[in-house]
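Notes for the one structure printed next.
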Amino acid sequence: MRLNKKADRNSFGLTCRQWLHIQNNNCRFLSYHKHNPKMIARFGVDASYTMVLGKLLNRFPNLKSLLLEVGHPEVTEFLTSKFESEVQRLVLDGCCESSHIEPSPVFSWFPRLTSIILTSHHITDKGLEELAKRCTSLKDVDFRHCDSVTDSEISLLLRNCPELVSLCFLDCSSITEGINAIVSGGGLEYVTLYHDSKSKEGSITTEAIATIAKGCPLLKELILSNCEEVELQGWQAIGRNCQKLEYLCVYGCRKLCDLGLQALCDGCNKLSRLLVDDENSCSRSALELFKRKRPSVMCHLQRDFKCPKNLR
1 MRLNKKADRN SFGLTCRQWL HIQNNNCRFL SYHKHNPKMI ARFGVDASYT
51 MVLGKLLNRF PNLKSLLLEV GHPEVTEFLT SKFESEVQRL VLDGCCESSH
101 IEPSPVFSWF PRLTSIILTS HHITDKGLEE LAKRCTSLKD VDFRHCDSVT
151 DSEISLLLRN CPELVSLCFL DCSSITEGIN AIVSGGGLEY VTLYHDSKSK
201 EGSITTEAIA TIAKGCPLLK ELILSNCEEV ELQGWQAIGR NCQKLEYLCV
251 YGCRKLCDLG LQALCDGCNK LSRLLVDDEN SCSRSALELF KRKRPSVMCH
301 LQRDFKCPKN LR
């Protein structure tokens, strides 16, 4: 169809502009990859990370979720002023590949942040202090491959973020140093401890699980992956203290035994889903007994199953 009249062309142009405006205003998620071929084709290989990201953020003023992958942006007023009050979920994936780089300037521009994922960060006390100070509305914090996370940093988050209910630690070798901090507030409802089975450092122990079970009475969801050192006393502590536990994932926990399974069955009355795999010490009869006592609760995992952060 050809638009021969100028008035028709103007109307068509205004309509397209309005649709683009609506599309931009309705964009809620932005994923920015520094080496994205489409970005390079549009802005050039030498384009400033800050310039490109700034233009994108200016175009999408109502973003709620932002993912930054590879590299670390130079944080400027121009870069952040357009969206500082809107973004609620931030993912920094590999943005701090060197120990001397601090993400703390980024945190100061997200006062309404409720969820953050930090991947492969060498984050220090200063960085976590800035996060806890600037983002007091945090509810969900996810550390992945952050080897420097320790007790003092987690304590700071829990003290400054009263709404924090969910913590995830995936392959964080220093996590055993932060167990006491995890339970210091007592308000956590969702805890994930995922340990790399190939690593001998930072193993989650029986004492650590017992401490969490006793210190988190509101716990609803607990995911334990490759926690090979957790013995009977740890499972008994969960059954005895986690009365509100609804979801439990036990993956690669070799020392879960018949008595431990029985403790979970008898103690966790609100448990609606138990995920287990073959990497445990439970007998077939114990597993069958659990299924008879608590029908439709247990779900058997396949060998290649990847334990999730969140079961809901």
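Residues in the sequence shown are numbered consecutively from 1, following UniProt numbering. Here a beta-carbon is modelled for each residue, glycine too, at the ideal position from N, C-alpha and C. Note that the structure is predicted; figures quoted are calculated from it, not measured.
Who are the Cβ neighbours of residue i in its own chain at under 6 Å, not counting the five residues just before and after it?
i: residue 45; result: Only weak support exists for where residue 45 lies, its pLDDT of 46 falling under 50; the coordinates are left without a value.
i: residue 315; result: Outside the displayed range of the chain (1 to 312) lies residue 315, so it cannot be described from this structure.
i: residue 131; result: 107
i: residue 89; result: 65, 115
Got a sec? Which residues, its chain only, sit under 7 Å from residue i by beta carbon, not counting five neighbours each side?
i: residue 168; result: 142, 143, 192, 309
i: residue 281; result: 254, 255, 256, 257
i: residue 233; result: 206, 210
i: residue 283; result: 258
i: residue 129; result: 156
i: residue 300; result: 276
i: residue 290; result: 261, 265, 298
Anyone know if the C-beta pair for residue i and residue j falls short of 8 Å?
i: residue 276; j: residue 297; result: no
i: residue 240; j: residue 215; result: no
i: residue 87; j: residue 67; result: no
i: residue 190; j: residue 225; result: no
i: residue 204; j: residue 221; result: no
i: residue 223; j: residue 264; result: no
In whole angstroms, what separates the C-alpha of residue i from that of residue j?
i: residue 292; j: residue 262; result: 12 Å
i: residue 55; j: residue 119; result: 25 Å
i: residue 123; j: residue 21; result: 38 Å
i: residue 59; j: residue 12; result: 21 Å
i: residue 253; j: residue 153; result: 27 Å
i: residue 100; j: residue 63; result: Confidence at residue 100 is low in this model, with a pLDDT of 39, below 50, so the placement of that residue is unreliable and no value is reported for it.
i: residue 182; j: residue 162; result: 13 Å
i: residue 227; j: residue 93; result: 25 Å
i: residue 217; j: residue 23; result: 45 Å
i: residue 313; j: residue 285; result: Within the shown structure, residues of the chain are numbered from 1 to 312, placing residue 313 beyond reach of any answer.
i: residue 98; j: residue 272; result: Residue placement at residue 98 cannot be trusted, given a pLDDT of 42 that sits under 50; the coordinates are not used to answer.
i: residue 231; j: residue 260; result: 8 Å
i: residue 236; j: residue 151; result: 25 Å
i: residue 117; j: residue 10; result: 46 Å
i: residue 134; j: residue 109; result: 8 Å
i: residue 287; j: residue 26; result: 49 Å
i: residue 7; j: residue 19; result: 18 Å
i: residue 212; j: residue 16; result: 56 Å
i: residue 5; j: residue 14; result: 14 Å
In terms of residues, what are the limits of the beta strand (DSSP E) holding residue i?
i: residue 284; result: That residue, residue 284, is in no beta strand (DSSP E); its alpha helix (DSSP H) goes 284–293.
i: residue 242; result: Counting along the chain, residue 242 falls outside any beta strand (DSSP E), and DSSP gives it neither H nor E.
i: residue 299; result: 298–300
i: residue 168; result: 166–170
i: residue 2; result: Run containing residue 2: none; DSSP gives neither H nor E here.
i: residue 140; result: 140–144
i: residue 318; result: The question about residue 318 has no answer here: the residues shown for the chain are numbered 1 through 312.
i: residue 118; result: 115–119
i: residue 273; result: 273–276
As a quick exercise: from the options, pick the residue whose alpha carbon is nearest that of residue i.
i: residue 219; options: 247, 233, 264, 25; result: 247
i: residue 126; options: 156, 272, 217; result: 156
i: residue 208; options: 180, 61, 92; result: 180
i: residue 270; options: 61, 32, 243, 238; result: 243
i: residue 112; options: 295, 30, 139; result: 139
i: residue 32; options: 300, 69, 278; result: 69
i: residue 245; options: 188, 4, 278; result: 188
Starting from residue i, follow the alpha helix (DSSP H) in both directions and report where the run begins and ends.
i: residue 154; result: 151–160
i: residue 130; result: 125–134
i: residue 207; result: 206–215
i: residue 93; result: Counting along the chain, residue 93 falls outside any alpha helix (DSSP H), though it belongs to the beta strand (DSSP E) covering 89–93.
i: residue 219; result: Element bounds for residue 219: n/a, residue is neither H nor E.
i: residue 266; result: 258–267
Keeping to the same chain, check which residues put their C-beta closer than 8 Å to that of residue i; ignore five residues upstream and five downstream.
i: residue 170; result: 142, 143, 144, 145, 192, 194, 309
i: residue 30; result: 56, 57, 60, 63, 65, 66, 67
i: residue 28; result: 62, 63, 64, 65
i: residue 137; result: 111, 112, 113, 114, 161, 163
i: residue 196; result: 171, 226
Of all Cβ atoms in chain D, is any one closer than 8 Å to the Cβ of residue i?
i: residue 67; result: The structure shown contains no chain D, having only a single protein chain.
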